[in-house]
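**Q**
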Amino acid sequence: MGLQPSPAPEREPPHWQIDHACSGDGPGIVRVQKEAWLATYPDPAVGLTREDIEAIKLDGSEKVERWEAELAEQSEGKRIWVVRAAEGIIGFCVAEKTQDVHELRAIYVLPEWHGNSVGAGLMAQALEWLGHDREVVVWVFTHNKRAIDFYQRRGFEITDHTYWLDVNGKRIPDVKMVKPRTAPHS
15 MGLQPSPAPE REPPHWQIDH ACSGDGPGIV RVQKEAWLAT YPDPAVGLTR EDIEAIKLDG
75 SEKVERWEAE LAEQSEGKRI WVVRAAEGII GFCVAEKTQD VHELRAIYVL PEWHGNSVGA
135 GLMAQALEWL GHDREVVVWV FTHNKRAIDF YQRRGFEITD HTYWLDVNGK RIPDVKMVKP
195 RTAPHS
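All residue numbers in the sequence shown are consecutive under our numbering, ending with 200.
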């Protein structure tokens with residue numbers, strides 16, 4: 015009688031939780047933003063290097079102070095969420111409602127957490143808050159195919175509106191994506 019392979023041990027899913035961002039979350043947000051930018055945006059095809067990202071100083075006390083001010087200024091029209099895990103903040107999202115537009119301003123997740131539904135959880139939280147009565151806009155660097163695919167899988171469509179951002183003297187195209195409203199007009 016041969017040996018039977020033992021079943022693979024069940025892997026426990028990673029534990030994380032989405033919370034409203036609050037005072038003191040600035041350092042974690044800064045860390046996530048910098049690591050996500052360094053892992054995502056350098057691309058020789060657009061001339062953007064790791065050094066360009068480092069040069070725009072995404073970290074440091076000034077950035078932390080800026081984020082802490084943003085956290086203090088949350089209102090009925092602006093929300094910031096963070097994702098907490100045992101090691102601290104692993105992702106964040108910023109969404110804003112104005113008279114003119116409902117916008118997803120940022121979703122960033124630490125690269126080692128990609129594939130664990132962290133971004134999808136943040137997206138669901140933001141879309142629930144933004145509502146379905148108006149279109150939702152997000153701007154994405156055109157060379158960020160992973161993000162474009164992520165948004166398209168969730169109903170966003172690429173438009174023909176492009177804005178050129180300056181990143182350390184390099185002009186990088188940012189494309190507007192729109193998720194059409196899904197609630198009927200009343």
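We put the beta carbon where it would ideally sit given N, CA and C, even for glycine.
Leaving aside the five residues before and after residue 133 along the sequence, list all residues of the same chain whose C-beta is less than 8 Å from its C-beta, in chain order.
**A** So the list reads 105, 121, 123 and 164, once near-sequence residues are dropped.
**Q** Start and end of the alpha helix (DSSP H) containing residue 84?
**A** That run of the alpha helix (DSSP H) goes 75 to 86.
**Q** Let's test the definition: count the other Cβ atoms within 10 Å of the Cβ of residue 69 and tell me whether it reaches 16, buried, or not, exposed.
**A** Burial call: exposed.
**Q** Classify residue 40 as buried or exposed, calling it buried when 16 or more other Cβ atoms lie within 10 Å of its own Cβ.
**A** Buried, since its Cβ has 16 or more Cβ neighbours within 10 Å.
**Q** Tell me the DSSP bridge mates of residue 31?
**A** Looking at the DSSP assignment, residue 31 forms a beta bridge with 98.
**Q** Locate the alpha helix (DSSP H) running through residue 193, then write down its first and last residues.
**A** Run containing residue 193: none in the alpha helix (DSSP H); it sits in the beta strand (DSSP E), 184 to 193.
**Q** Report buried or exposed for residue 144, applying the criterion of at least 16 other Cβ atoms within 10 angstroms of its Cβ.
**A** Burial call: buried.
**Q** In whole angstroms, give me the CA-to-CA distance for residue 171 and residue 151.
**A** Taking the straight line from one Cα to the other gives about 10 Å.
**Q** In whole angstroms, give me the CA-to-CA distance for residue 128 and residue 53.
**A** If you take the alpha carbons of residue 128 and residue 53, they lie about 11 Å apart.
**Q** If we call anything under 8 Å between Cβ atoms a contact, is residue 97 one with residue 72?
**A** Contact flag unset, no.
**Q** Quick check: residue 62 and residue 181, are their CB atoms within less than 8 Å of each other?
**A** In contact: residue 62 and residue 181 (Cβ atoms closer than 8 Å).
**Q** Using a C-beta cutoff of 8 Å, does residue 80 count as contacting chain C?
**A** Here there is only one protein chain, and chain C is not present.
**Q** So, is residue 31 buried or exposed, given that buried needs 16 or more other C-beta atoms within 10 angstroms?
**A** By the 10 Å Cβ count, residue 31 comes out exposed.
**Q** Is it the case that the Cβ atoms of residue 149 and residue 193 are separated by a distance below 8 Å?
**A** Cβ atoms of residue 149 and residue 193: closer than 8 Å.
**Q** In three-state DSSP terms, what is residue 133?
**A** Residue 133 falls in the helix class under three-state DSSP.
**Q** State the DSSP-derived secondary structure class of residue 144, mapped to helix, strand or coil.
**A** DSSP places residue 144 in helix when its eight states are reduced to three.
**Q** Once the 5 residues before and after residue 99 are set aside, which same chain residues still bring their CB inside 6 Å of it?
**A** Closer than 6 Å at Cβ, skipping near neighbours: 30.
**Q** So for residue 40, helix, strand or coil by DSSP?
**A** Three-state result, residue 40: helix.
**Q** Using beta-carbon positions only, say whether residue 37 and residue 83 come within less than 8 Å of one another.
**A** Result no, Cβ atoms of residue 37 and residue 83 do not sit closer than 8 Å.
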